[in-house]
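Under my numbering, the first residue of the sequence shown is numbered 128, with each subsequent residue one higher.
We treat Cβ as the ideally placed atom computed from N, Cα and C, and that holds for glycine.
Read through the structure below, which is laid out as structure tokens, and then see the notes.
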Amino acid sequence: MDLEIRPATEDEAEAFGRASALAFGAPFDAERFSRSQPLVDLGRTLAAFDPGAGPLHDGIVATAHSHAFEVSVPGAESHAAGVANVTVRPTHRRRGLLTALMRRQLDDTHRRGEPLACLWASEAPIYRRFGYGLATRGLRWQLERPGTSFTPGLDAGALEARLMAPADARSALADLHERTRATTPAMVKRTQGWWDRILHNAKGDTLAVVVEGAGRPEAAGLYSIAPSWASAGPANTLSANEVYAVTPQAYAAVWRYLLDVDLVGRVTTFHRPLDEPLQWLLANPRALQPALVEGLWARLVDVGAALGGRRYWAEAHLVLDVTDRFCPWNEGRWRLDAGIDGASCERAGSADPDLHLDVADLGASYMGLAVFGSLQRAGLVDEDRPGAIREADRAFAWSTAPWAVTFF
Numbered sequence: 128m129d130l131e132i133r134p135a136t137e138d139e140a141e142a143f144g145r146a147s148a149l150a151f152g153a154p155f156d157a158e159r160f161s162r163s164q165p166l167v168d169l170g171r172t173l174a175a176f177d178p179g180a181g182p183l184h185d186g187i188v189a190t191a192h193s194h195a196f197e198v199s200v201p202g203a204e205s206h207a208a209g210v211a212n213v214t215v216r217p218t219h220r221r222r223g224l225l226t227a228l229m230r231r232q233l234d235d236t237h238r239r240g241e242p243l244a245c246l247w248a249s250e251a252p253i254y255r256r257f258g259y260g261l262a263t264r265g266l267r268w269q270l271e272r273p274g275t276s277f278t279p280g281l282d283a284g285a286l287e288a289r290l291m292a293p294a295d296a297r298s299a300l301a302d303l304h305e306r307t308r309a310t311t312p313a314m315v316k317r318t319q320g321w322w323d324r325i326l327h328n329a330k331g332d333t334l335a336v337v338v339e340g341a342g343r344p345e346a347a348g349l350y351s352i353a354p355s356w357a358s359a360g361p362a363n364t365l366s367a368n369e370v371y372a373v374t375p376q377a378y379a380a381v382w383r384y385l386l387d388v389d390l391v392g393r394v395t396t397f398h399r400p401l402d403e404p405l406q407w408l409l410a411n412p413r414a415l416q417p418a419l420v421e422g423l424w425a426r427l428v429d430v431g432a433a434l435g436g437r438r439y440w441a442e443a444h445l446v447l448d449v450t451d452r453f454c455p456w457n458e459g460r461w462r463l464d465a466g467i468d469g470a471s472c473e474r475a476g477s478a479d480p481d482l483h484l485d486v487a488d489l490g491a492s493y494m495g496l497a498v499f500g501s502l503q504r505a506g507l508v509d510e511d512r513p514g515a516i517r518e519a520d521r522a523f524a525w526s527t528a529p530w531a532v533t534f535f
């Protein structure tokens, strides 16, 4: 479908927002739109205009946008396009508009020199064909009381927890988020504007808990309580979010506080890391009831820059034969020489390949989530050189599970 695709202008910004809200089935919130505008670079928006569609939304029938992010990758950080607001009006589906938007957006991302693109998928089956792979997962868990005792001998009471309003805990939360991000792949660097948004969106009854040690915050979290009263007595539900800790003692202390709030019968979380230490702290680990949830999708826009820009847990020398039907500049063989101190990834010419894989599966393994052996067993990676799968698994692994916690 041959329609004009270009960035929205300032005069078209609200129409862009309304068109996006329509496709997501959400009412347009003018106040929320106004607050979010400082986070939107209109030069990074894309809108498809259909003059024949009528005046609704200034004729905008499809949208896409990307944020300019810094995202942590194993041992380093990278520029990345944070893709959002990808929509097509219901009347214009199945006309190639989504593909046209993705084509233009990835071309623009490549031109800007951003090696990665990442997104939260509203519909998971959409994005693999554009080269995205599922790069992180999370846990959504609940814990019933009783059942919150820690393993005997663990010291969780040496540090004191302080209660405060979320706004007063802002500097502690921001500091701890950044310190956590330094060792955790897939976390987006948050600007002051992002903290404005996150704290404004917190429920009115949200509280913050901060644990200090050695004169500075060592752990913090936000939580809210939904009151409930059962026939046997109080059964409130505590929902914990934005919980960060940078020492084992502070981690135990902040969770001991959250698990011990009076009148609470259940503690829940929304999106926690796969390697949540709490599962090892509990004397009764089966009390923690986890559900595996989807996380961030990643796309290597520049294979050489992306693979050369992270660190690797073990030394590896691999020739990767990459298939990339949507970004042909990535297609072909790449020589990766990698280790804990750095890496290089250059064109390999006609060198014999060790592994054959699609760029989407490279995206799935990039942050350390997917292991090549699992991808091979799924029929997605082929090994030419015996031992190359094990070599890749050792190298791409990381000591901390990737965890994406900023929703955009």
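Thinking C-alpha only, which one of the options is nearest residue i?
i           : options            : result
residue 277 : 410, 450, 143, 534 : 410
residue 311 : 438, 178, 160, 465 : 438
residue 192 : 458, 183, 447, 146 : 146
residue 466 : 130, 518, 506, 459 : 518
residue 428 : 495, 457, 404      : 457
residue 463 : 497, 442, 377, 453 : 442
residue 481 : 453, 307, 449      : 449
residue 510 : 484, 492, 497, 490 : 484
residue 522 : 302, 535, 492      : 492
residue 221 : 189, 200, 202, 243 : 189
residue 199 : 408, 308, 504, 331 : 308
residue 149 : 376, 215, 362      : 215
residue 422 : 533, 239, 380      : 533
residue 297 : 365, 144, 155, 321 : 321
residue 368 : 358, 357, 397, 380 : 397
residue 230 : 285, 132, 143, 139 : 132
residue 254 : 241, 294, 228, 295 : 228
residue 432 : 201, 211, 202, 243 : 243
residue 184 : 141, 241, 261      : 141
residue 275 : 238, 394, 501, 129 : 394
residue 494 : 163, 236, 205      : 205
residue 528 : 460, 402, 333      : 402
residue 201 : 315, 171, 223      : 315
Would residue i be called buried (16 or more neighbouring beta carbons within 10 Å of its own) or exposed?
i           : result
residue 232 : buried
residue 122 : In the structure as shown, the chain begins at 128 and stops at 535. Residue 122 is therefore absent and cannot be evaluated.
residue 418 : exposed
residue 470 : buried
residue 390 : exposed
residue 178 : exposed
residue 157 : exposed
residue 151 : exposed
residue 218 : exposed
residue 292 : exposed
residue 344 : buried
residue 212 : buried
residue 413 : exposed
residue 226 : exposed
residue 238 : exposed
residue 342 : exposed
residue 265 : buried
Since residue i and residue j should fall inside the 8 Å C-beta cutoff, what is the C-beta to C-beta distance between them, to a whole number of angstroms?
i           : j           : result
residue 174 : residue 135 : 5 Å
residue 415 : residue 530 : Between residue 530 and residue 415 the Cβ distance is about 17 Å, and since that is not below 8 Å, they are no contact.
residue 299 : residue 347 : 5 Å
residue 247 : residue 535 : 7 Å
residue 210 : residue 289 : About 38 Å; that fails the 8 Å criterion.
residue 405 : residue 382 : 6 Å
residue 451 : residue 258 : 6 Å
Provide the residue(s) that pair with residue i in DSSP beta bridges, ordered along the chain.
i           : result
residue 333 : Note: residue 333 sits in no beta bridge, so no partner.
residue 131 : 176
residue 344 : 339
residue 516 : DSSP lists no partner for residue 516.
residue 189 : 175, 215
residue 509 : 483
residue 209 : 194, 245
residue 554 : For residue 554 there is no data in the structure shown, the boundaries of the chain being 128 and 535.
residue 353 : 364
Just to check, is the beta-carbon of residue i closer than 6 Å to a non-hydrogen atom of the ligand MG?
i           : result
residue 533 : Absent from the structure shown: the ligand MG. Ligands present: none.
Entirely enclosed alpha helix (DSSP H) segments - the stretch 415-496, minimum 4 residues: 430-435, 486-493
Alpha helix (DSSP H) runs contained entirely in the stretch 223-288, provided each spans 4 or more residues: 224-239
Whole runs of the alpha helix (DSSP H) within the stretch 358-406, excluding any shorter than 4 residues: 375-386
In chain order, each alpha helix (DSSP H) run of at least 4 residues that lies wholly inside the stretch 283-325: 297-308
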